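Peer 1: Protein chains in written order, with our numbering: chain R, 14 to 441; chain H, 381 to 709; chain C, 14 to 520; chain P, 2 to 397. A virtual CB, placed ideally from N, CA and C, is assigned to each residue, including glycine. Predicted model only: the values in this text are computed from it and were never measured.
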Amino acid sequence: MSSELKSAARTAAPAPAPGGRRKLTYPWILLIIAGALVAVSALRAVSGATDLTSGGQFGAALSAAVPIGLAGLGGLWAERAGVINIGLEGMMMLGSFAAGWVGWQHGPWAAAAAGILGGALGGLVHAVATVTFGVDHIVSGVALNILALGATQYLATLWFGQEGSAAMVAGGNDKQSPPMPDMPTFTVPGLADWLNGIEGHHWFLVSDLAGVLGGAVTGVSWLTVLTVGLFVGTFFLLWRSSFGLRLRSCGEAPLSAESLGVNVYAYKYAAVLVSGALAGLGGAFLAISVHFYQDGQTGGRGYIGLATMIFGNWRPGGVALGAGLFGFMDAMQLRSGGPTVHALLLGLAALLAGLALVRLRAAKRAQAAVAAVAAAVLVVWYALSDSVPLELVEASPYLATLLVLALFSQRLRAPKAIGKPYRRGRGH
Amino acid sequence: LGLTATACGQSFAEANRATHAGVGLAFDIGGRDDHSFNEAAARGTENARKQLGVKVKMLTAKNGETEADREQRLTSFAEAGYNPVIGVGFAYSQSVQNVAKDFPDTTFGVVDAVPTGKNVDAMVFAEHEGSYLAGVAAALKSKTHKVGFIGGVNNALIQKFQAGFEQGVRDTDPKAKVVSQYLYPNNDKGFNDPAAAKAKAQGMLDSGIDIIYSAAGQSGAGSIEAVSKVKGAWAIGVDSDQYRQPGLARYKDHILTSVVKNVDVAVFDLIKSCEQHKPLTGVHTYDLKHGGVSLATSGGFITDVQPQIDAARKKIIEGQVKVKETPKS
Amino acid sequence: MANHDIHLTVRRGTVHALCGENGAGKSTLMKILYGMQKPDEGTIALDGEQVALHSPGDAIARGIGMVHQHFMLADNLTVLENTVLGAEKLHGIGAGARAKIREISDAYGLNVRPDVLVEDLGVADRQRVEILKVLYRGARTLILDEPTAVLVPQEVDALFDNLRELKSEGLTVIFISHKLGEVLSVADDITVIRRGTTVASVEPAGTTPKQLAELMVGSELPSPETRESTVRDEELLRVDDVRLSATDSDGVVRTVLDGISFTIRKGEVLGVAGVEGNGQAELVEAVMGIRTPDGGTITLDGTDLSRSSTRARREGGIGYIPEDRHRHGLLLDAPLWENRILGHVTERPNSKGRLLDLAGARKDTERIVAEYDVRTPGIEVTAASLSGGNQQKLIVGREMSHHPKLLIAAHPTRGVDVGAQAQIWEQIRAARREGLAVLLISADLDELIGLSDTLRVMYRGRLVADADPAVITPEELGSAMTGAASGHLSASDDSVDTAAAQGGDAQ
Amino acid sequence: MSTSTPTPTAKKPAAVDAIARSAARDKVLLGVAAPVLAIVAAIVISSLVFLASGENPFRAYGIMADYGHYSDSQVWIVNKAVPYYLSALAVAVGFRMNLFNIGVDGQYRLAAFAAAAVGGAVALPGALQIILLIVIAMLVGAIWSGIAGLLKTTRGVSEVITTIMLNSIAASVIGYFLQDGRLAIKDGNLLHTKFLPESSHFFSFPTHPKPVEGFVVVAVLAGAVYWFLINRTRFGFDLRAVGASEPAAEASGVSVKRMVVISMLLSGAAAGLVGMPTLLGESFQYGTDFPAGIGFTGIAIALLGRNHPAGMAFGALLWAFLDRTGSRLEFEGYAQEIVGVIQGVIVLCVVIAYEVVRRYGLRLQQRKVGEELAALARTGDGTGSADNSDKPEVTA
Ligand SMILES: Nc1ncnc2c1ncn2[C@@H]1O[C@H](COP(=O)(O)OP(=O)(O)OP(=O)(O)O)[C@@H](O)[C@H]1O
Ligand SMILES: Nc1ncnc2c1ncn2[C@@H]1O[C@H](COP(=O)(O)OP(=O)(O)OP(=O)(O)O)[C@@H](O)[C@H]1O
Ligand SMILES: [Mg+2]
Ligand SMILES: [Mg+2]
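(1) So, at 7 Å on beta carbons, what are the nonlocal neighbours of I697(H) in its own chain, with the 5 sequence-adjacent residues on each side left out?
(2) What separation, rounded to the nearest whole angstrom, lies between the Cα atoms of E356(P) and G147(R)?
(3) Skipping 5 residues on each side, what residues in its chain have a beta carbon closer than 6 Å to that of L123(C)?
(4) With DSSP run on the structure shown, which of helix, strand or coil describes N642(H)?
(5) Just list the residues that DSSP pairs M438(H) with in beta bridges.
(6) Does the CB of A2(R) have a neighbour CB from chain C at under 8 Å?
(7) Would you list, in chain order, the members of the stretch 501 to 522 of chain H that have their beta-carbon closer than 7 Å to a beta-carbon of chain P?
(8) Rounding to the nearest angstrom, what Cα-Cα distance links Y85(P) and F96(P) in this structure?
(9) Could you check where the alpha helix (DSSP H) with N209(R) kicks off and where it finishes?
(10) Rounded to the nearest angstrom, what separates T4(P) and E439(C) at their Cα positions?
(11) Is it the case that the Cβ atoms of V255(C) and L270(C) are separated by a distance below 8 Å?
(12) Give the residues of chain R in contact with R398(P), contact being defined as C-beta atoms less than 8 Å apart.
(13) For S67(R), go through chain H and note every residue whose CB falls closer than 8 Å to its CB, in chain order.
(14) Taking only three categories from DSSP, how would you classify T27(C)?
(15) Is G269(P) helix, strand or coil when you go by DSSP?
(16) Let me know the secondary structure DSSP gives E289(C) once reduced to three states.
(17) Report yes if the CB atom of L419(C) is closer than 8 Å to the CB atom of I277(C), and no otherwise.
(18) How about A30(C): is its C-beta nearer than 8 Å to some C-beta of chain P?
(19) Exposed or buried, V5(C), counting other C-beta atoms within 10 Å across all chains shown (16 or more means buried)?
(20) Return no unless some Cβ of chain P is closer than 8 Å to the Cβ of V79(R).
(21) Along chain H, in chain order, which residues have C-beta atoms closer than 7 Å to that of F332(P)?
(22) Using a beta-carbon distance below 8 Å, is Y666(H) in contact with chain R?
(23) Please confirm if G274(R) has its CB atom under 8 Å from at least one CB of chain C.
(24) Can you find the residues in the same chain that come closer than 6 Å, C-beta to C-beta, to L179(P), ignoring five residues on each side of it along the sequence?
(25) With a threshold of 16 other CB atoms inside 10 Å of the CB of N95(C), please say whether the residue is buried or exposed.
(26) Could one say the Cβ of T234(P) lies closer than 8 Å to chain H's Cβ atoms, at least one of them?
(27) Thinking C-alpha only, which one of R411(C), L461(C) and G448(C) is nearest T426(C)?
(28) Assuming G142(P) contacts G273(P) (C-beta within less than 8 Å), just tell me the rounded distance between them.
(29) Ends of the beta strand (DSSP E) at G272(C)?
(30) Quick check on F71(R): does DSSP put it in helix, strand or coil?
(31) Give the C-beta separation of T395(C) and P348(C) to the nearest angstrom, bearing in mind that I take them to be a contact with Cβ-Cβ under 8 Å.
(32) On the DSSP bridge assignment, give the partners of K526(H) in chain order.
(33) If you draw a straight line from the alpha carbon of L90(C) to that of V96(R), how long is it in whole angstroms?
(34) Taking 8 Å as the CB-CB cut-off, is P126(P) touching chain H?
(35) Comparing C-alpha positions only, which one of I441(C), E116(C), Q436(C) and A433(C) sits nearest to P417(C)?
(36) Check the Cβ of I175(P) against every Cβ in chain H and list those closer than 8 Å, keeping chain order.
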């Protein structure tokens, strides 16, 4: 027996390698962004798909990203407090409906406020079901989506489509609210034109950068600016304030929070209400940007928002990145369709080739081989065609999400007590 | 429930025999005020109500409904004694064919489809011919010699618009470039997504296109809005005269013209024929020759090119020009 | 009813111990004191003033702090965040708080680092964080619910030093334990609780452990002691050079089991001692096939099981009493008879072929309930409605019913009252006489020493020491568990024979 | 407590018996309470909605009940309920083990499309053709959901997200192939796959005035198979065990990963059936107008029926009843969209009511068990040390 004890003479098992946690510091982030920009402008130069970095493309990407980002941010609030929110879609519907209803009567700013309230109302229902009654979060969310759909459709017929009503005279119908006035946009004078000019020259990198910046300063909706503020504000509120610490603790360990005098119910309610409000604002953004509420307007963006939240590792920066990526793909497929997405094939090939190298260095030959073969296939495909099917373009945002999740999901970390039922005073 | 559903029991129609309730109009999901062909059909019944004194009942489809739902809607009309019963949109093709069999004494109409049946009036339109004229106007008015076409959904119907438009442009200005794109390959959402159309149009405008023809139902409003923000650019409307639509009033100075599909005329014809007890049946093609499609002149923006447009119309009517229904690959 | 007619008086500036058997109501009482549960009747007075505590917040405001039996820490938050949570008004959540934490940590020798994630801490460190949390709030009265349950004796001593320090600062400590030796060594006053009511208040000076035990349970404490050896020659389980690594959420690979080798013979109980988190749980899971080792072999009764599924291993004759019965042992919302099927669905009487045999399972559940004295009104009630001890008896009954060759028992009597404890020990002893081999993991060193034929100590994923249970003391075992000693631990005059570490095969 | 207690099963005193009887009564009451509570709440809320929009709720209910009782309505309802039911089954298979297959929608459409494409191309004699098509549909549905299962087990991606993504991707895949010159033909303004040959037409029951589709038999069979599989087989026990507690199931010898993949495959296979009644009994082709969204309805119905085959049958029929009679409301001057509200309210009320009742029941049971054991201890445990708490207090 003692022979087995020899191991005791060796040193104790190695402790975890120090510094194993790789932290993304600001220099790193900037470096990554710069690298991405260089890559994209190289891609633009090689493929000649100028829309890849045009100001219009980035402007469109921004407005496509906003509703998704708001939904994702809404999801983040709820889930950081431990409540899964698959009802985001329904909350968005309520938001866009409320915005349409108030908007045609009182203008776009009131519409935004109404959207927030409408979404918060959905959040309230979800909070009552999950926090007070302890219903399974996903089940409650699905039920809320069904209810919100029914309620908005019903109210639309009553409030917009009633024969001879003021709303109908103003252009409303069963499926659509009467139009509301434009919400003003803002353009940085001078700068926008200057950037636009530079972009027109198609200089490597410089023009691309100008395009990106131009998109951010030309004809931007004030709601977009507000959204950026909400992302930054969320970060500071949730990660730099005691309110946020308490809220997050409800999602990590509600019993400990309770034992330290935190009113967990109150924070969960607050989080889910804010969650609904943000999703509602996302819905309102949709209504305001096309001037009216429309049946089916949200088009699954609530679900996509949920995906970006997971994609973004439950962090505001990640959500913004995810929504931005989604918005970019969406804007690209909408604006220029096949040819530009076609150029992305080359970009994807380059990425895969890079991945293959990294895997090879990590001595994961099989994975490296798969990545390399995939890259080669993409290059061949790129060379042999000059566009990609519209269907592939349409599916590209979903494929991209799936791909990213499949590659990186192991590194994601959800709040620990997420989805778990919590009852006051029921701890050990 | 399940038990009583077998063989026995009275059906609703047997219990409720009704006749002559008026005209039944079943809309596709766009709904009555889609600023497009549903609206035009509604206008036709409105005219019939005023001129012929018939009563009208309208029902609208739900999103994501099935054949069974459509059949039920038509059946309900027929059971309740509505005659004629009109389905607006090609989605009703199969259901009209099926339900018409069960109600041989009722006349059924369908817009944009050609189902068969002794008591069925199929109303189809030569959208490609109207679109050809739009192409002519666009080619003549474009300063950049780049024009765009936005289709809502890539289906056979919308391809007719595309084909006619492209041919019209090419025949008029061989140097001009036409960019044709669709919002969705295969999703009715395409007729209902102005935000997407706006982004698409924006993309086209950014690439130097200055005239955009959108055949995308309600989505078209988005592309018209995008066009209205660019000086010198024109939008071409579809289905109804969009210059005159209240919802689009603030963009009307950018609406060059519209390819009008006179669904109202067709619907009115059918109702009138039923009132006169000589119901129309079979396929009726409303083409350029018969005034089924036309190019709107509201706003007077195409007055300067009207002679060329008239010449093109004449060629089509006389058969010198054959407009294709499917785009060149 | 968990508590009734409780009378408890605690003097300021003392360490007051509260003892009583499992489920006596100690935790419940403390939760009432801490405002987490509301008493149906009765009063609480603090410094002579009657107080109403509606929430932990009220209690904290009155200077009461509590370290819970089950740690109340958020793993994904840092020590700093865990500490300031709920008390952000005191010193903010940034630099001020950090400085304060350092200050307290230094003052009481707690040695905590504010910016590490709690996830990365060991149990003793976590406990210090818990104490820090309480001190940070300026508590004058500390409630510690079974703080020693997971500590090794040396850590217990360190903790007690901390407590004495606190006492000398004028703080009041209420300290819960059912380890009588500890209670007598640290407390100034002792209150005994039985079946939810206070039965006695004693002073440690004039009391012996035996008296205390009688107060607690009304009779002598049962002992796990096993005298006669039933070890046979046939080797039943051989674990050879098992290695296991795990990847954490940041992609860092850690070695959790390293070169584990041992054998268990028929009729032998092999006890594995170790501070929690040193790989015992992983070892059990590796033997059960729940985790796949990176290398090494596991042989049961001559059959190589290294590649077999958990189910095949169970069918091959391994019984399993998991450490966390709620998580791993039961379907809480399912009736008892379904819980009887769990883990043995492929075996009679639970199934015939691919189909379940509901009647057979129900009948056999009735038998287990009767034979193992599971206190329940019937077999249709859900497992959740049974008390912890009865749940455990059901599990033991279920596993024993399939006549395992090897029983893996992880903390088989944790959280179980003394009556059930004695029953479970007796079941294990009886089966051992029939030739059952047992791999026993336990944090209760008395249980471990009493039941085992052979003892091994696990530290950082390795088996670092062995000992003879006949002569070893808990203290000696404890020092090996902290890594301070290795090799063969003999009961020499001093505590540990470190020379064996080099000699290795001195025996 | 002592080790020598008499076994509780030996002979129960009267007091214990009484408690046991009242416990049994409670169980029945609780079983009824949840649905009743939910229905009452749903009716109350729906009525309030009617009232708030200035309509008479009872006239509306009257119209719905009246219209629903005609034979043509009932045939329609049964036919409509069949796909709903199959969809709910597909969702329920996942739910039983805590998997949330939101992707039934994409799965059944892709499956039906594949079956239609194959069916239009080959013509086997007799029943073989139908069997072939059904097998293909189930296979395709299973493959599509299997992707989500594999991604979950190998990469740890939540099936909720993957199935949502796969729904959209399925739509694009169908869109790509459903084009003239690929797998579709143009028929006026519609695109659809080639018509299935006569041998693919499923039988129907000649009821009056329209036939009931024969696929209702398949639905009933599928429900029975589901029930049997879940409740009577070893496999079903493993599945439920994973649903009840993943770690406990793992420790009991169930390979959770394997079960995830298998049940996703099963769920997808069931989803494959959803489009079949339409394809084989109604449209005989897959076109751009093939019904979509039944997968989502299935989620609602599975929730409504609590994953129980009979409950889901009731839910599917109720849903179809509301579909049918809601459109009648439109004729009577109501807005048919009210049906959406009623459906949403019902689902929400059901999930809340069941949770409330479940919790209440659990607490009640715990208390009863406690009482019962106390009663037992008082009467049957006199011999041991049960009464030692009465010993005089010892003070040192
Ligand atoms: N509100 C309540 N009503 C009735 N019984 C309760 C209540 N809360 C807890 N109990 C029960 O009271 C008993 C006492 O539990 P408690 O946790 O206080 O015991 P303990 O003395 O701390 O035991 P341990 O040594 O295991 O920690 C348990 O059986 C518990 O289930
Ligand atoms: N609200 C309640 N009122 C009365 N009895 C309750 C209540 N809640 C739980 N119980 C009873 O308390 C017990 C709960 O089990 P628990 O595990 O807390 O017991 P325990 O005292 O810790 O037992 P053990 O020492 O065996 O672990 C059950 O017997 C249950 O019936
Ligand atoms: Mg306790
Ligand atoms: Mg207990």
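Peer 2: With the structure as the only source:
(1) Indexing the second sequence from 1 puts residue 697(H) at position 317. For I697(H), where only same-chain residues beyond five positions count, the Cβ hits under 7 Å are L668 and K669.
(2) Taking the fourth sequence and counting its residues from 1, one reaches residue 356(P) at position 355. Taking the first sequence and counting its residues from 1, one reaches residue 147(R) at position 134. Distance between the alpha carbons of E356(P) and G147(R): 7 Å.
(3) Indexing the third sequence from 1 puts residue 123(C) at position 110. Once the five neighbours on either side are set aside, the close Cβ partners of L123(C) are R141 and L145.
(4) Working through the second sequence from its first residue, we reach residue 642(H) at position 262. Looking at N642(H) - three-state DSSP - the assignment turns out to be coil, as it is neither helix nor strand.
(5) As a position in the second sequence, residue 438(H) is number 58, starting the count at 1. According to DSSP, M438(H) bridges with L405(H).
(6) The question about residue 2(R) has no answer here: the residues shown for chain R are numbered 14 through 441.
(7) none
(8) Within the fourth sequence, numbered from 1, the residue matching residue 85(P) stands at position 84. Within the fourth sequence, numbered from 1, the residue matching residue 96(P) stands at position 95. Y85(P) and F96(P) have their C-alpha atoms some 16 Å from each other.
(9) The count along the first sequence starts at 1 and reaches residue 209(R) at position 196. Where N209(R) is concerned, the enclosing alpha helix (DSSP H) stretches over L204 to G213.
(10) The residue labelled residue 4(P) in the question sits at position 3 within the fourth sequence. The residue labelled residue 439(C) in the question sits at position 426 within the third sequence. Because T4(P) carries a pLDDT of 40, less than 50, the predicted location of this residue cannot be relied on, and the following value inherits that uncertainty. T4(P) and E439(C): Cα-Cα distance of roughly 10 Å.
(11) The count along the third sequence starts at 1 and reaches residue 255(C) at position 242. The count along the third sequence starts at 1 and reaches residue 270(C) at position 257. Closer than 8 Å, so yes.
(12) Since the first residue of chain P shown is 2 and the last is 397, residue 398(P) is not available in this structure.
(13) If you number the first sequence from 1, residue 67(R) lands on position 54. Under the 8 Å cutoff, chain H gives D586.
(14) Along the third sequence, one-based indexing puts residue 27(C) at 14. When DSSP states are grouped into helix, strand and coil, T27(C) belongs to the coil group.
(15) Within the fourth sequence, residue 269(P) is the residue found at index 268, counting from 1. DSSP places G269(P) in helix when its eight states are reduced to three.
(16) Start at 1 with the first residue of the third sequence, and residue 289(C) comes out as number 276. Three-state result, E289(C): coil.
(17) The count along the third sequence starts at 1 and reaches residue 419(C) at position 406. The count along the third sequence starts at 1 and reaches residue 277(C) at position 264. Cβ distance < 8 Å, so L419(C) and I277(C) count as in contact.
(18) Here residue 30(C) refers to the residue found at position 17 of the third sequence. Chain P, which has no Cβ nearer than 8 Å to the Cβ of A30(C), makes this no.
(19) Any property of residue 5(C) remains undetermined from this structure, which presents chain C solely from 14 to 520.
(20) On the first sequence, residue 79(R) is found 66 positions in, with the first residue counted as 1. Closer than 8 Å: no.
(21) The count along the fourth sequence starts at 1 and reaches residue 332(P) at position 331. Residues of chain H passing the Cβ test: S456 and A460.
(22) Residue numbering aside, residue 666(H) sits at position 286 when the second sequence is read from its first letter. Not one chain R Cβ lies under 8 Å of Y666(H).
(23) As a position in the first sequence, residue 274(R) is number 261, starting the count at 1. Chain C contact via Cβ: present.
(24) Stepping through the fourth sequence from its first residue, residue 179(P) is reached at position 178. The answer, listed in chain order, is A185 and L192.
(25) Counted from its first residue, the third sequence places residue 95(C) at position 82. The residue in question, N95(C), is buried, as its Cβ has 16 or more Cβ neighbours within 10 Å.
(26) Along the fourth sequence, one-based indexing puts residue 234(P) at 233. No, T234(P) does not count as interfacial toward chain H.
(27) Your numbering for residue 426(C) matches position 413 in the third sequence. Comparing Cα-Cα distances from T426(C) to each of R411(C), L461(C) and G448(C), the minimum goes to L461(C).
(28) The sequence position of residue 142(P) within the fourth sequence is 141, counting from 1. The sequence position of residue 273(P) within the fourth sequence is 272, counting from 1. At roughly 3 Å, the Cβ-Cβ gap stays under 8 Å, so G142(P) and G273(P) are in contact.
(29) For the purposes of this step, residue 272(C) is taken as residue 259 along the third sequence, with counting starting at 1. Its beta strand (DSSP E) spans residues V266 to R278.
(30) Your numbering for residue 71(R) matches position 58 in the first sequence. The answer is helix: DSSP assigns F71(R) an H, G or I state.
(31) Stepping through the third sequence from its first residue, residue 395(C) is reached at position 382. Stepping through the third sequence from its first residue, residue 348(C) is reached at position 335. Confirmed, Cβ separation roughly 6 Å.
(32) Your numbering for residue 526(H) matches position 146 in the second sequence. Answer is K557(H), bridged to K526(H).
(33) For this step, residue 90(C) is matched to residue 77 along the third sequence. For this step, residue 96(R) is matched to residue 83 along the first sequence. One C-alpha to the other measures close to 18 Å.
(34) Taking the first residue of the fourth sequence as 1, we reach residue 126(P) at position 125. Not closer than 8 Å to any Cβ of chain H, the Cβ of P126(P) fails to qualify, so no.
(35) Within the third sequence, numbered from 1, the residue matching residue 417(C) stands at position 404. Nearest option by C-alpha distance: I441(C).
(36) What you label residue 175(P) is simply residue 174 of the fourth sequence in a count that begins at 1. Chain H residues near I175(P): N566.
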